Amino acid sequence: METPSPSVINASNVIDDGDDIEILEKKPIEKECEPPKKRGKKETSNVWNFFKKIGKGADGIQRAACIGCKQEFKTRGTYGTSHLHRHVSSCNFVSYHDVSQMLINQEGKLKSKKIDQQLSRQLCAEAIIEHDLPYSFVDYKGIRKWIKYLNPDVIMPSRNTVVSDVKKIYEKEKEKLKEEMARIPNRVCLTSDVWTACTSEGYICLIAHFVDENWKLRSIILKFCRMPPPHTGVELSNTILNCLKEWSLEKKVFSFTLDNASSNDNMQDILKRQLCLNEDLLCDGDYFHIRCSAHILNLIVQEGLKVASDALHKIRESVKYVKPSDGRMQKFDDCVRESGGVETGLGVRLDVTTRWNSTYLMIESALHYQKAFTRLNLIDRNYKYCPSVEEWRRATKMREFLEPFFETTNLISGSKYPTSNLYFKQVWKIECMLNASLTNEDEVIRDMAHRMKVKFDKYWSEYSEVLDFGAILDPRSKLEFLQFCYSEIDPLTSEVKVQNVRMKLYKLYKQYEKRDEESSSTPQSQLGFVGSLKSTAGSENPIKTDNVFCKDVQKRFPHLSIMARDVLSIPITTVASESAFSIGARVLTKYRSSILPEKFIGRFSLSRSTSRTLSSTDKSLGAIVSLHQISRRRRLNAADLARENAEVLWESEGEEASAAAEEEVFGLEVSEGNLLLYSV
3 METPSPSVIN
13 ASNVIDDGDD
23 IEILEKKPIE
33 KECEPPKKRG
43 KKETSNVWNF
53 FKKIGKGADG
63 IQRAACIGCK
73 QEFKTRGTYG
83 TSHLHRHVSS
93 CNFVSYHDVS
103 QMLINQEGKL
113 KSKKIDQQLS
123 RQLCAEAIIE
133 HDLPYSFVDY
143 KGIRKWIKYL
153 NPDVIMPSRN
163 TVVSDVKKIY
173 EKEKEKLKEE
183 MARIPNRVCL
193 TSDVWTACTS
203 EGYICLIAHF
213 VDENWKLRSI
223 ILKFCRMPPP
233 HTGVELSNTI
243 LNCLKEWSLE
253 KKVFSFTLDN
263 ASSNDNMQDI
273 LKRQLCLNED
283 LLCDGDYFHI
293 RCSAHILNLI
303 VQEGLKVASD
313 ALHKIRESVK
323 YVKPSDGRMQ
333 KFDDCVRESG
343 GVETGLGVRL
353 DVTTRWNSTY
363 LMIESALHYQ
373 KAFTRLNLID
383 RNYKYCPSVE
393 EWRRATKMRE
403 FLEPFFETTN
413 LISGSKYPTS
423 NLYFKQVWKI
433 ECMLNASLTN
443 EDEVIRDMAH
453 RMKVKFDKYW
463 SEYSEVLDFG
473 AILDPRSKLE
483 FLQFCYSEID
493 PLTSEVKVQN
503 VRMKLYKLYK
513 QYEKRDEESS
523 STPQSQLGFV
533 GSLKSTAGSE
543 NPIKTDNVFC
553 KDVQKRFPHL
563 SIMARDVLSI
573 PITTVASESA
583 FSIGARVLTK
593 YRSSILPEKF
603 IGRFSLSRST
613 SRTLSSTDKS
623 LGAIVSLHQI
633 SRRRRLNAAD
643 LARENAEVLW
653 ESEGEEASAA
663 AEEEVFGLEV
673 SEGNLLLYSV
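Here the sequence shown stands for residues 3 to 682, numbered as in the numbering used here.
Below, the structure written as structure tokens:
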């Protein structure tokens, strides 16, 4: 730091302490005799911003006073400014920045770092959104005291200011998303969730699923708004239609996946008729309504559990006996250790009778502690519900019977990869398994399969045609796989079913050809379309990246590419795998329920959009991304599914067909979030 040099002092005015001073008679000094005053050197130290010069003291030494506490200090000469800096850094009456918090300007002088208050407010709002903090976070005394210590110049926003900033961020990101979705040539697929506050107020959440310009599957929260009663089909359809108009998406809707509820059936019927008035839907809305596969699967399994044996009842009562009491739970833990079992995080679980998955998890956990329950029966006379050896054996079979349903729901409930192409194979596997279980030697399993098959035929006797298209557009299965599966179920009707699916697919393709005016100059013939469906994955020029391949397909088959993006982006469930098996409802916490709806809506949408898969450029809350998270239980890649198809073809058509199917794998793996068309 530069120390200012002292001002020049006249030698005649210098008095040493040891000199004897003789007082002379004062005489007026002539003006012309005054020596010319030299201009003092300008002070350059930044510390003089906090001190005021007060002249010489009684000892003849220059002094300066702190502008804060008024304390005086000697200056000039050898005193320098170090003692002034030390005082300013500890003075409570001035705002001082240390040298480490200062910047050097072009002239080489130190200056205080300027705080961008607007940027500070924005970062504060983004932190509250990303970390799900309450709005009152900025009013915490401890937080304000801490920020004031770090930098006194930072102005902490108030709670109302943060609410306003969050709303501005929401509106800004909303406009970005509207522009992005307006650019894509394909359509969007919708899903809807209903949330309930602890005050019993209803909220509706509308989500759009689409493939963006980079061929990535995206999920966007379009609306999260309060839904006052009555929740009738008319009211729901009006709310959703207004939301679509707000986002300018009423002409870009392809499908709507909903739960199995009468109000949803009425709502989609009214909404479909309104959209068809202006011919906004393809094929007159034939493929508009998609029933949630996870909920249908839940209804099917629930029907089978109605004939559960005494083993299931005893397991449920055993868990009820152990869990509520701390004393009995401690005794049970002792039995686990004494029986040679290992304590794990699994624990015993009590089921909810309306959730089949909870029953599966209860059976699974009880079987894990089978020996502990048996030992508890020996030492506790009050425990009277221990299953017998035969009942444990039946419970084991029941768990094995339900396991494929559990895995299927995990698979089809993914949100970061396409699921419409998985529908046909998974439903077909369930039907084959139920047919095989009708002749099971165990009476309980046989009765369960019979009841489940009746419920299966009610909902899935005819497979969804538009979801069959997803299997056809998947190069790992294509039309030949449908022919094989239908022939395995019923050889007499397989050709008719395949031909019907083929004609419906052609009809949908013609709709895209007709509406795509930009590509009308070079239309793709139906023969080319059929050829593209039957083409193999092999190519003279191997594809190095997923995006490059997708864009190459888009250039060669523009109509087919857009249609595939729409079909493969259809979510076949309304729930992600994390919540598909949740035994609780979608209920807002008491803290969120206490927030005013107009303050909560944007906050909820933004907080759910902070997906962990966002790139660094998107992390500034870029867009309101996904309500769901990627499946944690199981991820299916291209090689897995292709190998399974190859095994099926091996058993039916021999080694050559299996080898051809293996060639279609060509080393591709499904990356999270990427939508691959492979060899469409």
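The C-beta atom is built at its ideal place from N, Cα and C for all residues, glycine as well.
Remember, predicted model here, so these are calculated numbers, not experimental data.
- Task: Could you check which residue in G342, V338, R396 has the C-alpha nearest to that of L378?
- Result: V338
- Query: Between T198 and T356, what straight-line distance do the alpha-carbon atoms span, to the nearest angstrom?
  - Reply: 18 Å
- Message: What would DSSP say about G204, mapped onto helix, strand or coil?
- Response: strand
- Backbone secondary structure at V213 - three-state DSSP: strand
- Message: Distance check for K170 and S320, CA to CA, integer angstroms please.
- Response: 54 Å
- Return helix, strand or coil for A582, following the three-state DSSP convention. Note on A582: pLDDT 38, under 50, position unreliable in the model; the coordinate value appears next. Helix.
- Query: The alpha helix (DSSP H) with A184 in it runs from where to where?
  - Reply: 161-185
- Item | Through-space distance from V309 to M450, alpha-carbon basis | 6 Å
- Message: Spatial neighbours of I298 within its chain, please: C-beta separation below 6 Å, excluding the five flanking residues on both sides.
- Response: Y461
- Starting from the Cα of K509, find the closest Cα among E445, G287, T441 and give me that residue. G287
- Query: Got a sec? Which residues, its chain only, sit under 7 Å from V164 by beta carbon, not counting five neighbours each side?
  - Reply: C126, A127, I130, Y137, V140
- Message: With H, G and I counted as helix, E and B as strand and the rest as coil, what does DSSP make of S84?
- Response: helix
- Query: Name the DSSP bridge partner or partners of W430?
  - Reply: BP columns for W430 are empty, so no partner.
- Task: Leaving out five residues on either side along the sequence, give the residues of the same chain with a beta carbon under 7 Å from the beta carbon of C285.
- Result: K509, L510, Q513
- Item | Straight-line Cα distance separating R395 from D444 | 11 Å
- Query: My guess is that K427 and S479 are in contact by the Cβ rule of under 8 Å, so how many angstroms apart are they, rounded?
  - Reply: 7 Å
- Task: Could you please give me the residues that DSSP links to V503 through a beta bridge?
- Result: According to DSSP, V503 bridges with nothing at all.
- Nearest CA to the CA of S194: which residue from D214, I223, E74? I223
- Between the CA atoms of R453 and V350 - distance to the nearest angstrom: 28 Å
- Item | Contact set for V324: own chain, Cβ-Cβ below 7 Å, skip 5 residues either direction | R330, M331, F334, V350
- Message: Can you look up F75 in the DSSP assignment and give me helix, strand or coil?
- Response: strand
- Close Cβ partners of S122 (< 7 Å) along its chain, the five nearest in sequence each way excluded: V156
- Task: Quick one: grab the DSSP three-state call for C337.
- Result: helix
- Alpha carbon of S422 to alpha carbon of F458, nearest angstrom: 19 Å
- Query: Out of curiosity, what's the CA-to-CA distance linking L208 and M183?
  - Reply: 15 Å
- Best match in L424, M435, N437 for proximity to I474 [C-alpha to C-alpha]: L424
- Task: Count the other CB atoms, across all protein chains shown, that sit within 10 Å of the CB of L279; report buried if there are 16 or more and exposed otherwise.
- Result: exposed
- Message: Going by DSSP in three states, W249 sits in which element: helix, strand or coil?
- Response: coil
- Message: If you follow the alpha helix (DSSP H) that S264 is in, where does it begin and where does it stop?
- Response: 264-278
- Query: If you drop the 5 nearest sequence neighbours on each side, which residues of the same chain put their C-beta closer than 7 Å to that of T361?
  - Reply: L307, D353
- Given that a residue counts as buried once 16 or more other Cβ atoms are within 10 Å of its Cβ, and exposed if not, what is A374? buried
- F212 beta carbon less than 8 Å from that of F258: no
- What does a CB cutoff of less than 7 Å around Q119 pick up in its chain, not counting 5 residues either side in sequence? I157
- Query: Hey, how far is the Cα of V446 from the Cα of K386?
  - Reply: 23 Å
- What is the residue span of the alpha helix (DSSP H) that K143 lies within? 143-152
- Taking all protein chains shown into account, do 16 or more other C-beta atoms lie within 10 angstroms of the C-beta of N300, making it buried, or fewer, making it exposed? buried
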